[in-house]
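Protein chains in written order, with this note's numbering: chain A, 1 to 89; chain B, 90 to 502; chain C, 503 to 1466. Okay, so here's the structure we're looking at.
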Amino acid sequence: MKFVTCPHIGKRALSEFTYGGELRVEPDIETVSDKQWTDYVFHRHSEPKTQQEWWYHRPTGMWFIFTRNTLTDLISQVKVASRGALHEA
Amino acid sequence: MPLRLLKYAWKKPEEEPRFFPDEKPLKKAYDVVIIGGGGHGMACAYYLAKEHGITNVAVLEQGYIGGGNTGRNTTIVRSNYLTAEGVKFYDQSVKLFEDLSDEFDLNIFYSTRGHFTLAHTDSAMRTMRWRAEVNKHYGIDSEVVDVETIKKDIPYMDVQCNGQHPVMGALYHAPGSVARHDAVAWGYARGAQMRGVEIHQKTQVTEIKTQDGKVKGVQTNRGFIEASKVISMVAGSTPRITKMVDMQTPIEVFPLQACVTEPVKPFMNTIVVSGSLHVYVSQSSRGELVMGASVDPAELHSTRSTLDFVEGLTDQMMDLFPFTSRLKIMRQWAGMSDITPDFAPIMGKTDLEGFYLDAGWGTWGFKATPVSGKTMAYTVANDRDHDLIKPFSLSRFEEFALVGEKGAASVGH
Amino acid sequence: MKLRLSPQPYEWLDRKQIIEFEFEGEVYEGFKGDVISAALWANGVKTLGRSFKYHRRRGLLSLANHDINALFQSKDYPNIRGDVTPIEDYMSVRAVNTFGSLKHDKGTLVEWIGKFLPVGFYYKAFYSPKFLFPKWESLIRTMAGLGTVDTDWTEERKPKRYLHCDVAVIGAGPSGMAAALKAAEQGVDVCLIDENPVIGGSLDYQFANEPDLGAERKRLKKGIASHPKIQVISSAYVAGYYGDHWLAVNTPQGLIKVSAQAVVVATGVFEQPAVFRNNDLPGVMNASAAQRLISRYAVKPCNTAVVLTANAEGYRAALDMKKAGIEVKAILDTGERHCRCVQEAEKNGLVIYHNAEMVEATGKQSLQGIVFRESGHERALECDGLLMSVGWAPAGAPIYQAGGKFSYDERLEQLLPSQLPDGVFACGRINGVFDIEHRIQDGEQAGLNAALYASDEPVPDSMDLRATQAHSHPYPIWEHEKGKNFVDFDEDLQLKDLKGAIAQGFDNIELMKRFSTIGMGPSQGKHSNMNGIRILAKARGQSIDETGSTTARPMFHPTPVSHLAGMRFRPERLTAMHTFHQRYQAKFMEAGPWLRPEYYRTGLPRKMCIESEVNSVRTSAGLIDVSTLGKLEVFGKDAAELMDRLYTMRMSNMKVGASRYALMVDDSGVVIDDGVAIRYSEEHFYVTTTTTSSDNAYRMIQKKVIEWGLSVTVLNRTGQLAAMNLAGPNSRKILAKLTDLDLSSEAFPYLAMRQATVAGYPVTLIRVGFVGELGYEIHVDSAYGLRVWEAIMKAGEAFTIKPFGVEAQRLLRLEKGHIIVGQDTDGLTNPYEADMGWAVHLKKPYFIGKPSLAKLKEMQSRTLVGFEFLSVQAEDVPLESNLVIEDGEMAGRITSIGYSPVLGKHIGLAMVDVALKEVGTSLQIRLSNGRMVKAKVVETPFYDPQGLLQIPQDPEELSQESVA
């Protein structure tokens, strides 16, 4: 079992969280080309890497952004998801 | 006692023919390089040599033969898919599987058990019937059976599911089988090598060289190899390979776990799958119950095991088979599943000339081993996608022409 | 109990309690504290089981939970391990995997034909001719497997517990005890886990007769027992290490999930058997097994012993035997040794042969003698016990599972941890430390370091206390032309089997394992993997590190399903009106976590109950509980913007007090949810979702709010609000009795929303028509749900109102041609295919999936159509999912079908190729039995196409009409 240290609520079991996928930026649909759109909808760069991810904490009903390595499963940063946090990412 | 065994009585072990020749040095160039020495890679090499006369082939395996998902799956073979594309493809696979032991002169323990996919809700019943109807349309032996029939075939199953979510019926697929997964890879490997293919274990591809939109060769931990045709058949490692050629695919990698109990005397003769309970189970010829569930909840390139998996699986198992609470789990393990959005594979040519993909096998790669090898060999030999795999091309996503296997694949085993 | 010794200083027995138990039909006596194997051995029973393949007699090997050849069956459990399971009164067991009985096992026939069964023999035969394979397979399956399952066994579940500590110490031998005590002295919470019922480990069985250690033993054991910071979990093993120092600890009472800050691995080493001819004869055992027998159970392993040794431990074992009154015929030292033990052995008059080589063990049913070679001479000795002390392999499972690595130490001839993950510490023999004082010291430094690590303090480097001499033989394997030199006792693998595998090219450790099955039996290679690696390394001329080792995956020992599953916790959700449904004999169905009435039982057949509910709605009034719908409230400055972005229809131009259908697609344009949205005020919406997607939808919407940076709050009110739909021509009259609200069509038109009081409770009313009648959806605080429901039922009595369930609603909506997301749509259906292009407003600047829908609109190849079916033959009626066939090809499928009592025919929806969409087209439908029937594409809605009933101008008149 993995544990996550949340800046607000301390050590929590990862099983309390639901994975919400990699944090990705939707292209501007006014200007997007077909190719860019289908890349966004379907395609992924899913080689092992450190990535920003959405994780939903069910008990508090809050979204978090984890920085996690998909090879080692190491979670190096946990932030409450906010518009600001996304911009930093 | 089969006569075949007699000949072994007088032989010393050293006199037995090697399955695999001794390691050789890498050559500078091959006509075809296959990345990945699992079942698919071996099958492709075998059919390239056998059916297309292409023998200057190297299979490069970063670990050992069949050590990836080939040796980690739960060995189920079936063709009761939902889509026309899926059904036709896997039907070919089942037919090839049935003759593999003879073809290899090696017993792959292809054991036809019958495969029940249980439905616990009326929506699952609708999906089962949909699959049955599509299957029958293509001549596949599948039918929806009622609870009484299930009880007759699996009398020891609690169809009431401990009162939680009673079984309402099932999709019964008579050809559903299990096979010895390793033997399939070994048989193909031996057959390929007998025809001149080279298999290089512990050989890792680190780079794919291209020039003017064409493949030139691969860099490995043992040096550079020139090749104008490179096939990636690496399942869970696909994103690492496609990254080398800067290619995007819809694949995401999730661990898929499985476990076995201590061996017990045979009592279970069928394969039982429950999508709602996320359980599938069969009894191996060694007597172990081989069990799996759905993929892990988050992306991960790792074969680590989790307690959550085995806790959840055993909990659900007991709904169907209460007596299994007295058994013990002996071992658990994991593989890395390369999952696509429509639960169908990605096969064939790509935009990069000379680079072929066989990927997106998710949780059903083993059952496709023979047919994927055969169709990919055809595709590479002719530089033209085989008819059976045309619907599975990578370009289908851009074209919004997805395959739609997802509807039936709540648990895809 | 003829082999029972006088009381031993650290024995585990309660000699006051004599226990009778039955083995293979005979009754034996033992003491409380005996394990089955020890109790049988005390009674002179040496054949404890039969081997897996050849059905050879087998006795004790390890007495440490690796003795797979002493597995027993009771009437309640299979595969009971004799070497660790205590005897109990009235226990009755027999050996597993025998044909006939243990004494007369017909399975021994296999040994006679063993010559024909080389390694992997099953790969080489039985497949041709193909039709015979099932017969052979059935035979092979019968021969394989160990215990027997009784499918009538009832379910068992053991509760799980959780434990949090700073330092978890695995193994309570000398180094583990020292580690636990040292860590606790630093003030951290320690949990000490050991397999055995009594802590002490090898200190008690290997050093039982060392007078110098008495004080140290007392210090450690007393210290642990009295230390408030140490919790001892005995009779427990770590089934798996699962990341972040999370241990699954299995105990007889169930699983304990231990979460630690640091882990000390003091698991020690497994003694490895020597490989020589007949090394499996009962009486040949690991020296540590013999020592365990004596010190724990006070049982003599034999009367006359020979000790085969490659280390000092063997000499100590020989001295222990002598002390227990066993005649020690000789010590066969595989080399030459110069240590205190040798001198002591000589002092005690023991005969020592140096540079000895094993030839074979001899005997029929059990060991009667051995043959060995020394100085070029073959010598024979009579004995009934041969103790093997030739080396050790690390019990490294927790380290492997934590991601650590081992490498081979040539000096010690042992795999040692070479890389330990953060927070994992190893000490004692697993760390290559063999001197007993050093083991304690090593434990202390590991305990200290773990405590520091757990307290976030810097961890100093440890002193290297590793042994300087080998305690393992580099190759304790002796060939014999007649074979029967077993490497893996679980799988009955001989030296020649491994050589055969290697010769055939399975010369990689993993391939050898998979082909030969070495290490794949229930002991998972604890006594066989190391020798397997040595054999492969030698055959290939490689070092052990080059050869590599296999991973030790969970479980450490096979772990009961009942413990892993634990107690059931499966929450289910009940609506506020549940008690009413129960009283009205509802037949419940699952809908996600909810229970919903499928229909209400009246004593009539199911179909008639449902039809009567349908009729009631169509002719008078019905009431359905729709509380399970997801219910989200959206408010804030950007509420309208959010609604516009989430749903395909424009929501921002909705008037306050209005409602609108809400359809949601994903990025790829696939329909994923629908519901009804209402607008309470400019900045306040309320929207429903389908029952099963409420959690997902809420979660996704929250995420989008963050992503888009909107100023809006979303509340999930699913559980807080109850909802019901009152429908039917008389619904207005019924509702009028309970509210002051003006219900006239002018004041409260179709699709409008009003807030009012019903039966005295504040509610939201929406005039919607999923079922196609005049109707009101009523949303009310859950606390009042039942009261409002019952008030309506009472007010409706005069109109013979009936509650209706999901099945009736399905038919009612089908008559109106409304889709159910997930039934009439599949995993790829877009709104155009669902014939709901009207619900997509591509002119909006943005909504989820818009670019995909713009593309999909142009490439539509299938569509949902309504059809009617006129046959009167019940067996001709198609089922949902039956296929539509055109020119022999699949051209669609039925997604919904039902008999409409109002229309007097079967109607349905089908997803078909666009070529078949025109009204009047004949659909060829293939029934499940293969027969073809016809249906005709018709306009939808099937019932009341103009929707007049939902918007009655003069309700009185229209409702009478529909009754007529």
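Built from N, CA and C at the ideal position, the CB exists for glycine as well. As the structure is a prediction and not an experimental result, all values here were calculated from the model.
Each of C:G532, C:D536, C:E531 and C:E526 was checked against the Cα of L550 of chain C, and the nearest Cα belongs to C:E526. Using a Cβ-Cβ cut-off of 8 Å, S391 of chain B counts as an interface residue toward chain A, since at least one Cβ of chain A sits closer than that to its own. Under the three-state reduction of DSSP output, H1083 of chain C falls in the helix class. Closer than 8 Å to the CB of L86 of chain A there is not a single CB belonging to chain B. In this model, K1345 of chain C and Q1375 of chain C are separated by some 49 Å (Cα to Cα). For K332 of chain B, the chain A residues whose C-beta falls within less than 8 Å of its own C-beta are H45 and E47, listed in chain order. Taking C-alpha positions only, R24 of chain A is separated from T1423 of chain C by approximately 46 Å.
If you compare the alpha carbons of B:T216, B:T201 and B:R202 with that of A208 of chain B, the shortest gap goes to B:T216. Nearest CB-CB separation between K79 of chain A and chain B: not below the 8 Å threshold.
Of the candidates C:I758, C:L1000, C:D1176 and C:H557, the residue whose Cα lies closest to the Cα of C667 of chain C is C:I758.
Of the candidates C:H568, C:L1131, C:S1114 and C:T1130, C:S1114 places its Cα closest to the Cα of A1123 of chain C.
Interface residue (Cβ-Cβ distance to chain A less than 8 Å): Q947 of chain C is not classified as such. Contact between A272 of chain B and V166 of chain B is ruled out by a C-beta separation of about 13 Å, above the 8 Å threshold. Your pair H129 of chain B and G462 of chain B checks out as a contact, with CB atoms roughly 6 Å apart and the cut at 8 Å.
In this structure D474 of chain B does not touch G449 of chain B by the C-beta definition: roughly 15 Å separates them, more than the 8 Å allowed. In this structure, the straight-line span from the alpha carbon of N1227 of chain C to that of D1283 of chain C is close to 15 Å.
If you check the CB distance, P588 of chain C and D536 of chain C come in under 8 Å. By the 16-neighbour rule on beta-carbons within 10 angstroms, A1285 of chain C is exposed. Taking a Cβ-Cβ threshold of 7 Å, the residues of chain A close to A387 of chain B are Y19, in chain order. For G285 of chain B and D111 of chain B, the gap between their C-alpha atoms comes out near 13 Å. D585 of chain C and R560 of chain C have their C-alpha atoms roughly 13 Å apart. Residue contact check for M1 of chain A against chain B: a CB pair falls below 8 Å. Contacts with chain C (Cβ-Cβ distance below 8 Å) from the region 164-180 of chain B involve A173, listed in chain order. From the listed residues C:H973, C:D1009, C:N1031 and C:M965, the smallest Cα separation to L995 of chain C is found for C:N1031.
In this structure K1318 of chain C is in contact with V1273 of chain C, their Cβ atoms being roughly 7 Å apart against a cut-off of 8 Å. Here K831 of chain C really is in contact with T806 of chain C; their C-beta atoms are around 6 Å apart, less than 8 Å. Residue C:Y1086 holds the alpha-carbon nearest to the alpha-carbon of R1103 of chain C among C:G1094, C:Y1086 and C:V1116. Distance check between K1352 of chain C and each of A:P48, A:F66 and A:T31 places A:T31 closest, using alpha-carbon atoms only.
Contact of L260 of chain B with chain C is not assigned, every C-beta pair being separated by 8 Å or more. The C-beta distance from M890 of chain C to P803 of chain C rounds to 12 Å, too long to meet the 8 Å contact threshold.
When only Cα atoms are considered, A800 of chain C and E513 of chain C end up about 6 Å apart.
Y592 of chain C and E524 of chain C have their alpha carbons spaced roughly 7 Å apart. A buried status is given to A858 of chain C, since no fewer than 16 other beta-carbon atoms sit within 10 Å of its beta-carbon. Residues are counted here when their Cβ sits less than 7 Å from a Cβ of chain A; for the region 415-448 of chain B these are P430, given in chain order. D782 of chain C and T468 of chain B have their C-alpha atoms roughly 55 Å apart. Contact between the region 1157-1174 of chain C and the region 8-22 of chain A is not established, with fewer than three Cβ pairs separated by less than 8 Å.
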